[in-house]
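Heads up: the sequence shown begins at 44 in this note's numbering, then just goes up one per residue.
One structure below.
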Amino acid sequence: MLTKINHLGVAVTSIEEALPFYRDTLGMNFAGIEEVPSQLVKVAFLSIGESKIELLEPTSAESPVAKFLEKNGPGVHHVAYGVSDIEATIARLIAGGTRMIDATPRNGAHGARIAFLHPKSSNGVLTELCEVHEESH
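Set out below in structure tokens:
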């Protein structure tokens with residue numbers, strides 16, 4: 044069902060301030076910044092091996108990431124797992140009783156199709172399913 048850890052989402056108040064640590068201090072490969080209006084965030088992707096770190100900066104006070112920052116401060120926001128067939132994965136999870144935030148996939152950064160599981164179904168961890176076709180990434 045899951046193919047790999049696609050990325051770890053890290054909530055930050057400012058990508059500009061957080062980016063030098065990951066890019067310069069840790070030496071991760073910076074892959075660019077993209078705004079995702081549907082999620083009310085700006086994201087910066089950095090790669091490490093087959094996985095990525097996704098820095099998430101809210102673009103609105105209404106963003107779920109802004110609410111996370113207000114409650115928790117900067118830090119790990121979610122874990123995203125790669126899947127090859129997001130619809131089949133969602134259907135299997137729902138059939139098994141998993142509570143979903145997204146019962147239907149939506150568009151995420153870099154052309155990915157994404158869906159979130161409710162943290163109450165995943166031991167308190169916000170979990171994302173991420174279907175990425177390598178040619179589009």
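Where a beta carbon is used, it is the ideal one built from N, C-alpha and C, also for glycine.
Anyone know if the C-beta pair for residue i and residue j falls short of 8 angstroms?
i	j	result
Ala-155	Phe-111	no
Ser-90	Ala-74	yes
Ala-32	Glu-77	The structure shown does not extend to residue 32, since the chain spans only 44 to 180, so no value can be given for it.
Leu-69	Val-86	no
Asn-72	Tyr-124	no
Val-126	Thr-46	yes
Gly-52	Glu-113	no
Ile-137	Ala-131	no
Would a check of beta-carbon distances place residue i closer than 8 angstroms to chain B?
i	result
His-121	No chain B is part of this structure, which consists of one protein chain only.
What would DSSP say about residue i, mapped onto helix, strand or coil?
i	result
Ala-87	strand
Gly-118	strand
Pro-101	strand
His-153	helix
Glu-93	coil
Ile-144	coil
Thr-46	strand
Thr-170	strand
Given residue i, which residues of its chain have a CB within under 7 angstroms of its CB, disregarding the five upstream and five downstream residues?
i	result
Ile-129	Pro-148, Arg-156, Ala-158, Leu-172, Glu-174
Val-79	Val-86, Gly-151, Ala-152
Gly-116	none
Val-84	Leu-99, Glu-100, Pro-101, Thr-102, Ser-106, Val-108
Ser-81	Arg-149, Asn-150
Spatial neighbours of residue i within its chain, please: CB distance less than 8 angstroms, with the 5 preceding and 5 following residues excluded, ordered by chain position.
i	result
Arg-142	Leu-160, His-161, Lys-163, Ser-164
For residue i, which of the options has the nearest alpha-carbon?
i	options	result
Thr-170	His-121, Ala-138, His-176	His-121
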